[in-house]
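Heads up: the structure comes next, in structure tokens.
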Amino acid sequence: MPEMTYRDALNLALKEEMRRDPSIVVWGEDVALYEGSFKVSRGLLAEFGEERVLDTPISENTIIGVAVGAAMGGLRPVAELMTVNFALLAMDQIIDHMTKIRYMFGGQVNLPMVIRAPGGGGSQLAAQHSQSLETYFMHAPGMRVAYPATPADAKGLLKTAIRDNNPVMFLEHELLYNSKGEVPDDPESLVPFGKCDVKRSGTDITIVAYARMTILALQAAEELAKENISCEVVDLRTLAPLDAETFVASVKKTGRAVVVEECWKTCGLGGEIATRIYDGCFDSLRAPVRRVSGLDVPMPYSRKLEKLCIPQVADIVAVVKETMAAKY
Amino acid sequence: MPEMTYRDALNLALKEEMRRDPSIVVWGEDVALYEGSFKVSRGLLAEFGEERVLDTPISENTIIGVAVGAAMGGLRPVAELMTVNFALLAMDQIIDHMTKIRYMFGGQVNLPMVIRAPGGGGSQLAAQHSQSLETYFMHAPGMRVAYPATPADAKGLLKTAIRDNNPVMFLEHELLYNSKGEVPDDPESLVPFGKCDVKRSGTDITIVAYARMTILALQAAEELAKENISCEVVDLRTLAPLDAETFVASVKKTGRAVVVEECWKTCGLGGEIATRIYDGCFDSLRAPVRRVSGLDVPMPYSRKLEKLCIPQVADIVAVVKETMAAKY
Amino acid sequence: MKETSLRAILPDHELVRMYEQMVLCREFEESCAEQYTKGHITGFLHLYSGQEAVAVGSTHALHKDDYILSAYREHAQAIVRGAEPRRVMAELFGKATGICKGKGGSMHLFAPELAFMGGYAIVGGQFPIAVGLAFASKFRKEGRIAACFFGDGAVNQGTFHESLNWARLWELPVLFVCENNAYGIGTSVERSSALADIHKRTCGYDIPSVRVDGMDVMAVHAAVKWGAEWVREQNRPYLIEALTYRFRGHSMADPGKYRSAAEVELWKARDPLPAFAIRLIEEGIVTQAELGAIKQESIAIVQEAVTFAEESPWPEDGSVWEDIYA
Amino acid sequence: MKETSLRAILPDHELVRMYEQMVLCREFEESCAEQYTKGHITGFLHLYSGQEAVAVGSTHALHKDDYILSAYREHAQAIVRGAEPRRVMAELFGKATGICKGKGGSMHLFAPELAFMGGYAIVGGQFPIAVGLAFASKFRKEGRIAACFFGDGAVNQGTFHESLNWARLWELPVLFVCENNAYGIGTSVERSSALADIHKRTCGYDIPSVRVDGMDVMAVHAAVKWGAEWVREQNRPYLIEALTYRFRGHSMADPGKYRSAAEVELWKARDPLPAFAIRLIEEGIVTQAELGAIKQESIAIVQEAVTFAEESPWPEDGSVWEDIYA
Ligand SMILES: Cc1ncc(C[n+]2csc(CCOP(=O)(O)OP(=O)(O)O)c2C)c(N)n1
Ligand SMILES: Cc1ncc(C[n+]2csc(CCOP(=O)(O)OP(=O)(O)O)c2C)c(N)n1
Ligand SMILES: [Mg+2]
Ligand SMILES: [Mg+2]
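Residue numbers (the working numbering), protein chains in the order written: chain A, 102 to 429; chain B, 102 to 429; chain C, 14 to 339; chain D, 14 to 339.
The structure is reproduced here in structure tokens:
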């Protein structure tokens, strides 16, 4: 398997799918001529031409709404929001339209569309540009939500997203674009939705995470192994559908769980995961499920403060140790 | 204490506060001449004139953004979103601006503003007009979120909201407008933020609820009392700040808890409440915390189906009984 | 000046059909009001009475496969496009036989086989969707245009602006049709729009536009005919503002106190139904007796629709989980 | 035609002050670039070099208490308004002494005591806020106007439309100033706007507007002077489009390949700094030697700012929880 970056894996997924299916079109701010502000769409305009790869005005709600219409009209649009923060300008088309149209119209139409949105914090972009909004998308029924941690999952999940006949919110982590890993080169190798991936097996405690938090959880597990704590790291991969079965089974085995989420803690997805774990493992849990979360503050700019707001490896290590030490 | 409706209690709160403080201004779609589509602003234009009570174009994002600016400029705007559903068109100004401005500008400015938004389902208004979006507001730091269940709380909380120097999302339930109750007529009688109200004391199980769900919980408690199940009903009143102390103390006492939420279950506020209960009562809980939630579907129009999507008294009764019966 | 003879524009049977549809829509809406009062129809109910010339004039000027999108006052748009009144009524009753299985209700009719692409309840929500459908049509070289209907209140939403700019920039075949009935709920155009001449608001996008008498079905027909062909040929957007009026309140919940009785009467005197009937009679296209028969026929269709809706089954409980995902 | 003598417009000391500020801003930005390369400044960094005539010409034409709002390319706007360069630099370093205590960074400068009401990083986010400030000023009879600066890319956001309509409808004193630097990141105005003449986009709102040479500080000054007074007297919005250019990439991350070298050179030949310097010398307002001194002075100010920022303490960890709630 060739090694490539998360960015290149996404780029390859787009290219392979666009070659396969001429009804796939791509648009967004600066995705064509400029090749994307994170260069994920590099080479698309050159290969597929300006009929299929289009730059748009800065009009996020309409970027999504036009995709909704085009999907109703028989195409498979992949719309990029330059960053997920701008989804807040498009919540009307995302939540009021994209996720509801199929249902409210009695199932008479499919919306095979993908929204690609880079997100997450950690680059000192301050409050308006560092948000982790995944919980907002998980909360609303009617769409799939994927958020890969590795290049292989990035490629396989994006291909699945594009082939899915449902709307998909496809989140990408800005700090993972340069991360490298092996990626299957078979264009038919897909990663299914609704299946967690156990990225590390362990026996003492389960760490449930997603996207960049998975990478940090794996680093934490490595450190903890030195102290003889054996962590199982479960990567959600898709937030919707949520594969509770896999992480519940893991916690049943280990008896302890920590959830790592980059988003704000209050009403973040970590509360949902924790509740599902309690639902499924009430009598096998040996300690309360702990959350390692983004702080409940707007993101500060200063790197000194920013670091406090985003879960760090050391935070995970500390909370795992506390959970292991808890006596009940 | 005079008896009045939730609607009139809100109306009175607006009037009393506007009489007290001339910097309070009110605007929204059809709030002035038409007196509000739910008539909460009845009589305001007549009493306070068109300088302070203004109709706006149908431009929700700007309705909020203008309030943000006016608050920065020294006024105390109370902006109405005709229904909370339209907050989705204003998420940019609500989440990117209103909740972040104070922080990102280093605390140099206050935003004393209130967004009033009627919401909730149950009137066969279908998917785009029946949303319960409270979790979205709870998730984002930087604002207060109030959601009263009774006329007294409606008046007292709205007055607190208007006097607060922070942005407040003030939610009102459309099906409660005609509900009646005693309301203190002292204009200085306020209801504090961040304090749950134990609306019924009990010993066997705690039901945590808010807004209309509190009313249903009280009805359920009444029925359950006939079967000798003693329910304590805790009404959150403000979702942010969240008074976990009170409901945790209640569950410590009863040993069992059910959370009732009108919103979608997945990543709804019920998961947060449940997790806080587990955090606080891990060793005193006698059964898993159960959620009675809105179904994870866009709201269907047909009343037959709609009823299935919104928690009903019978659902609460059933889940409480199951929780009481659970053996661990 | 003598008006052009109707026969010079359309064949007799189509003219009669147009009149029949106007009457049918009026009867349908009046029946809805009755069913709402009886509690059979619930939720929001926005009636179209008074505006029939717009839906009928437009639809007959469009190709059958041109896309139509509308807001929540869309019963007539759907029925004129060919939706069965009985299935529309069943939808309003929330029955399983409804056009959207009871899931959409009054504000969300949808019939893709008729290229009727939906009623939308978020004011301004349909603009970008229409642009997207036009994009798909152009991309697939289908030659269909997207006709997007909306109210005067919708033009102050950001999506109106974003969509006009986008449609012109990408050169897409969208026909924007504003049904200016003078009010958005209780707020008049003058109190919501900086420029009350709505058709002039396209000047900032290099999009041509025209204002037309929306109470005159043939005037609407002519404007849409010309506009739709221009859009189709140029692959560019165009906007038509039709001046019209709703005879009832905004929805069934609205007593309509913000309009004077005199104003309402003035507009009722311009009712598009009798106005069109008179022209049809004057030109000898129908007789007075035929007019009566048309009305009876419409009443019968609507009554049958109500019976059908009443007798139809409720959706199965299990269906609440269906239709979310493909 | 001979241009009006500068002295007939403003006193010597103010003209010199304007030039000093233009030089200071340029030096400040160039120093930021250097500090970014060294890793002292992080995040997004959008420099203003090339556009100085707009901030300087505008600010000097406004009253000191008129509100100013801008986007994320706002260092110069803040400094010209009176923000201390050292506190701005400290903000960019993320230090506790920064103008927003290190919480805002480059894109979110704020100085309410100077009526500088903020840099905003959501394209188009500042429009309604400016309208709200104008409302507050009018309501409180303060006589201040709100000057809202924004880029060419921002005019396609829904908020632009909603805010123009609103400001005109409510008759509010907002001066909209578009800094048209021809690109929104890599997309030219022609490729994003249906009507590339941005000032003409106000026609749909009955708002007057003008286009001005944004490389000429006195032309900007004249346009803003006239516009601001008109806005103040009429209590109505007005829009100015200033044609300008950024000499650097969109942000430090942008190599700027979408612009030809020839185009960049053409604009650099119109650099507002030397152009203004020549006029000041021609009219005998400054000498060549004084120009040199001004530059040295600016360099010193900026160096001091960097030293201040370097030596300033980081924010305390505990401050992360401060400033959210009042
Ligand atoms: C985004 C949004 N805001 C507000 C509403 C509430 N609302 C429903 S209809 C309406 C007035 C719309 O007026 P207009 O566009 O003129 O259409 P008409 O009802 O006259 O046909 C309003 C404000 C809504 N449905 N959606
Ligand atoms: C709502 C939103 N969408 C997209 C972006 C990303 N973005 C930042 S600057 C920019 C271009 C803006 O161009 P313009 O308004 O012309 O300002 P300029 O950078 O030229 O000063 C874009 C698309 C953003 N910050 N906010
Ligand atoms: Mg109208
Ligand atoms: Mg620009």
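Just so you know, even glycine gets a beta-carbon here, dropped at the ideal spot from N, CA and C.
CB of residue i within 7 Å of CB of residue j, strictly
| i | j | result |
| --- | --- | --- |
| T200 of chain D | D156 of chain A | yes |
| N193 of chain D | I211 of chain D | yes |
| A109 of chain C | G115 of chain C | yes |
| V398 of chain A | I337 of chain D | yes |
| F289 of chain C | V230 of chain C | yes |
| V284 of chain A | D254 of chain A | no |
| V215 of chain B | R245 of chain B | no |
| F206 of chain A | C113 of chain C | yes |
| S311 of chain C | A103 of chain C | no |
| T347 of chain A | F294 of chain A | no |
| L188 of chain D | M130 of chain D | no |
Distance between beta carbons of residue j and residue i, contact taken as under 8 Å
| i | j | result |
| --- | --- | --- |
| L252 of chain C | S222 of chain C | 4 Å |
| K281 of chain A | E148 of chain A | Contact doesn't hold; Cβ gap of about 24 Å is too wide. |
| L189 of chain A | M192 of chain B | 4 Å |
| P250 of chain D | R153 of chain D | About 18 Å separates the two Cβ atoms, so there is no contact after all. |
| W179 of chain C | V144 of chain C | 5 Å |
| M228 of chain C | A66 of chain C | 6 Å |
| Q209 of chain A | G220 of chain A | Their Cβ separation, rounded to whole angstroms, is 33 Å, which puts Q209 of chain A and G220 of chain A out of contact at 8 Å. |
| V360 of chain A | A375 of chain A | 6 Å |
Chain B contact residues for residue i, given Cβ-Cβ distances below 8 Å
| i | result |
| --- | --- |
| C113 of chain D | M205, F206, G207 and Q209 |
| N178 of chain D | P158 and S160 |
Residues bridged to residue i (per DSSP)
| i | result |
| --- | --- |
| G372 of chain D | Absent from the structure is residue 372 of chain D, since the part of chain D shown begins at 14 and ends at 339. |
| L256 of chain C | C:N193 and C:D226 |
| V126 of chain B | B:P178 |
| G369 of chain B | The partner list for G369 of chain B (beta bridge, DSSP) is empty, contrary to what the question assumes. |
| R245 of chain A | A:V269 |
| I306 of chain A | A:C332 |
| F187 of chain A | Its beta-bridge partners do not exist; DSSP assigns none. |
| K281 of chain A | A:T106 |
| Y80 of chain C | C:A159 |
| A124 of chain C | C:F129 |
| R214 of chain D | The partner list for R214 of chain D (beta bridge, DSSP) is empty, contrary to what the question assumes. |
| P219 of chain B | B:E273 |
Proximal residues of chain A, C-beta to C-beta of residue i below 7 Å
| i | result |
| --- | --- |
| D336 of chain C | R203, Y204, G207 and G208 |
| T110 of chain D | Near T110 of chain D there are no residues of chain A at all, since even the closest Cβ is about 11 Å away, more than 7 Å. |
Chain D residues whose Cβ lies nearer than 9 Å to that of residue i
| i | result |
| --- | --- |
| A227 of chain A | G56, F57, K116, G117, G118, S119, M120, H121 and A134 |
Residues that residue i contacts on chain A, provided the C-beta gap is smaller than 8 Å
| i | result |
| --- | --- |
| F162 of chain C | By Cβ distance, chain A contributes nothing, its closest Cβ being about 15 Å from F162 of chain C, past 8 Å. |
Partner residues on chain C for residue i, Cβ-Cβ distance less than 9 Å
| i | result |
| --- | --- |
| E175 of chain D | N169, Q170, G171 and H174 |
Per-residue contacts from residue i into chain B (C-beta, under 7 Å)
| i | result |
| --- | --- |
| R204 of chain C | D156 |
| G166 of chain C | I159 |
| L115 of chain A | Going along chain B, no residue has its Cβ under 7 Å from L115 of chain A, so there is no contact; the nearest lies around 28 Å. |
| F383 of chain A | P389 and Y429 |
Residue i: contacting residues in chain B (beta-carbon distance under 9 Å)
| i | result |
| --- | --- |
| C297 of chain A | Ordered by position in chain B, no residue passes the 9 Å Cβ test against C297 of chain A, which lies about 16 Å from the chain. |
Proximal chain A residues relative to residue i, where beta-carbon distance stays under 9 Å
| i | result |
| --- | --- |
| P328 of chain D | P401, S403, K405 and L406 |
Cross-chain neighbours of residue i in chain C, by beta carbon under 7 Å
| i | result |
| --- | --- |
| G372 of chain A | Going along chain C, no residue has its Cβ under 7 Å from G372 of chain A, so there is no contact; the nearest lies around 23 Å. |
Where residue i meets chain D, residues with beta-carbon distance less than 8 Å
| i | result |
| --- | --- |
| N267 of chain B | Y338 and A339 |
What residues does ligand 4 have around it, judged by CB closer than 6 Å to any heavy atom, in chain order? D:G164, D:D165, D:G166, D:N194, D:Y196 and D:G197
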